[in-house]
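Chemist:
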Amino acid sequence: MPTYLTRFIFTSLLLLCVALPAHAAADKDNRWTIEDVLGADLKPFAIGHRGFGANLGEHPDKPIENTIESVRRAFRAGAQIVEVDVVMTKDHIAVALHDDFLDDFTCVNQLSFSELRHRFREASRLKHILKVARSYTIKRHDERPSGQVILEIKTPAPLCDPEDGTVPALVAATLDEVNHTKMQRQVLIESFSPEIVALVKQQQPQLPRILSLDLLQLLTPAQLEAASGLPVTLLDKDVGLGLQWVQVGPIFRVPIYESVFQFVGTLTALESRAAALDKDVLQQLEFMTPGSGALMLQQLHNLGVAGLVYTVNSDAEWLFLSSLGVDGFYTDDLAMGLALEGH
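If you use mature numbering (1 follows the signal peptide of the UniProt record, and there is no 0), the sequence shown corresponds to residues -24 to -1, 1 to 319, in order.
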């Protein structure tokens, strides 16, 4: 009996060891991935901005932005990919919110998740959003990709991070949720902060990354101060990329770029899979020198970098920018975006 029992246990363990990798491989092959969207011929594609579109309650026909329901509604409508914003609470829980402070300027990192939910009942944990998205990643016959998520890790506001020290914990909290939900092949990590993108590259280099660019980041400090109406302070912040960082009032801490070429050099150094461009960047380039916006996108494509543009909510803007070679558009009007995909 002991010999039989020993053989039984050994055989069971052997079968388990063989079966687990096979199951994992089957699961891996049976799910859509980011590359199924980025590498497909269908361009440009629509990206559900903050899920089903920006909405803090002013649009009663839409769910609140950056919530489980907003993401679910987007995928049910046919979106291949959505974008949500990520900040962190005092108890290091990654949550989906556009800003790291509330309307009364209470900082989210000064509230526990339960306290945040008491103040803003729609607040959703990132892991719950990713679990919902994961349920849409399973491949089914004759269906197109679904369940993909862009996670924009928000650069902490100086108001809420005066010592500029919370970024590592924020990145760690975000990556923990990605790993916990096994969504490593279904997410793109995005940020305006090269520091955040660099940390993701260092800690999980296999995760594809997006570096974002706002038109304001191409202004000089004096121009930025005039445009924003806020005081601009130069920062001695070195993350190894040779960039000048600025603090804009109590709200923003970002790098500025001398030109789009310096931006492209930065995203290349960070081995970014995509660039998220303010639509005003391309429109301004085209206004100054017709063809220069298209040339920038072509240069990105030559580097293997996808060009994504935010936030486009009209047919005219979509069609004009699409003619320049944009790969994907963030949109608040997902019905419009889905109808215009490929055009």
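Don't be surprised by glycine CBs; every beta carbon is placed ideally from N, CA and C.
1. By a C-beta neighbour count over all protein chains shown, 10 Å radius and 16 as the cutoff for buried, is D37 buried or exposed?
2. Among the residues of its own chain, which have a CB less than 6 Å from the CB of R48, if the five just before and after it don't count?
3. Leaving out five residues on either side along the sequence, give the residues of the same chain with a beta carbon under 7 Å from the beta carbon of L85.
4. Give the single residue among D80, M272, S268, A149 whose Cα lies nearest to the Cα of G241.
5. Based on the DSSP secondary-structure assignment, which residues constitute the bridge partners of S188?
6. Mind reading off the beta-carbon distance from Q124 to I10? Whole number of angstroms is fine, and I expect it under 8 Å.
7. Going by beta-carbon coordinates alone, are N42 and H74 separated by less than 8 Å?
8. Below 8 Å on the Cβ atoms is my contact criterion, and I expect T307 with I40 to pass it. Report the Cβ-Cβ distance as a whole number of Å.
9. How about L246 and R185: do their beta carbons lie closer than 8 Å?
10. So, at 7 Å on beta carbons, what are the nonlocal neighbours of D254 in its own chain, with the 5 sequence-adjacent residues on each side left out?
11. Check this for me: beta carbons of K103 and H68, under 8 Å apart or not?
12. Kindly indicate which three-state DSSP category A109 falls into: helix, strand or coil?
13. Considering only their Cβ atoms, is the gap separating T150 from L127 smaller than 8 Å?
14. Do you know how far the Cα of G205 is from the Cα of C83?
15. Which stretch, first to last residue, makes up the alpha helix (DSSP H) that contains W294?
16. Tell me which residues share the same chain as Q160 and place their Cβ nearer than 8 Å to its Cβ, disregarding the 5 neighbours each side in the sequence.
17. Use the C-beta contact count for R26: other C-beta atoms within 10 angstroms, 16 or more gives buried, fewer gives exposed.
18. Can you give me the Cβ contacts of L316 inside the same chain, cut-off strictly under 6 Å, excluding the 5 residues immediately before and after it?
19. Which first and last residues belong to the alpha helix (DSSP H) in which H94 is found?
20. Taking only three categories from DSSP, how would you classify S167?
21. From which residue to which residue does the alpha helix (DSSP H) around L276 run?
22. According to DSSP, is F81 part of a helix, a strand, or is it coil?
23. Between the C-alpha atoms of A311 and A53, what's the straight-line distance to the nearest angstrom?
24. Under 8 Å between the Cβ atoms of F305 and P132?
25. Check whether the Cβ atoms of Q274 and G301 sit closer than 8 Å, and answer yes or no.
26. Run through DSSP, which three-state label would H25 get?
27. Would L194 and V236 qualify as a contact pair, given that the criterion is a beta-carbon distance under 8 Å?
28. Roughly how far, in whole angstroms, is the beta-carbon of G225 from the beta-carbon of P207, given that I think they are within contact range, below 8 Å?
29. Here's the rule I'm using: 16 or more other beta-carbon atoms within 10 Å means buried, otherwise exposed. How should S122 be labelled?
30. Looking only at its own chain, which residues have a Cβ that is under 8 Å from the Cβ of V215, when we skip the five neighbours before and after it?
31. Is it true that the CB of G267 sits closer than 8 Å to the CB of L258?
32. Taking Cβ to Cβ, would you say Q220 is nearer than 8 Å to I232?
33. Helix, strand or coil: how does DSSP classify E128 here?
34. Would you kindly work out how many angstroms separate the C-alpha atoms of Q162 and R93, rounded to a whole number?
35. Using 8 Å as the threshold, is the C-beta distance between L297 and A251 below it?
36. Within its chain, find whatever has a CB closer than 6 Å to the CB of P134; leave out the 5 residues flanking it on each side and keep chain order.
Modeler: So, from the data block:
1. exposed
2. V108
3. The question names Leu, yet the displayed sequence has Asn at residue 85. Around N85: M64, T65, K66, D76, C136, T142.
4. M272
5. A252
6. Q124 to I10, Cβ: 5 Å. Contact.
7. It is a contact, given that the beta carbons lie within the stated cut-off.
8. The pair is not a contact, with the Cβ atoms about 17 Å apart (cut-off 8 Å).
9. yes
10. Scanning its chain for C-beta atoms nearer than 7 Å, with the 5 sequence neighbours on each side dropped, one finds around D254 the residues L189, D190, L191, Y286, in chain order.
11. Cβ atoms of K103 and H68: not closer than 8 Å.
12. helix
13. yes
14. 22 Å
15. 291 to 298
16. V154, Q180, Q182, L183
17. buried
18. W294
19. 89 to 95
20. strand
21. 268 to 278
22. coil
23. So the alpha carbons of these two residues sit roughly 8 Å apart.
24. no
25. yes
26. strand
27. yes
28. 6 Å
29. buried
30. P170, E171, A174
31. no
32. yes
33. DSSP places E128 in strand when its eight states are reduced to three.
34. 27 Å
35. no
36. Q223, P226, R229
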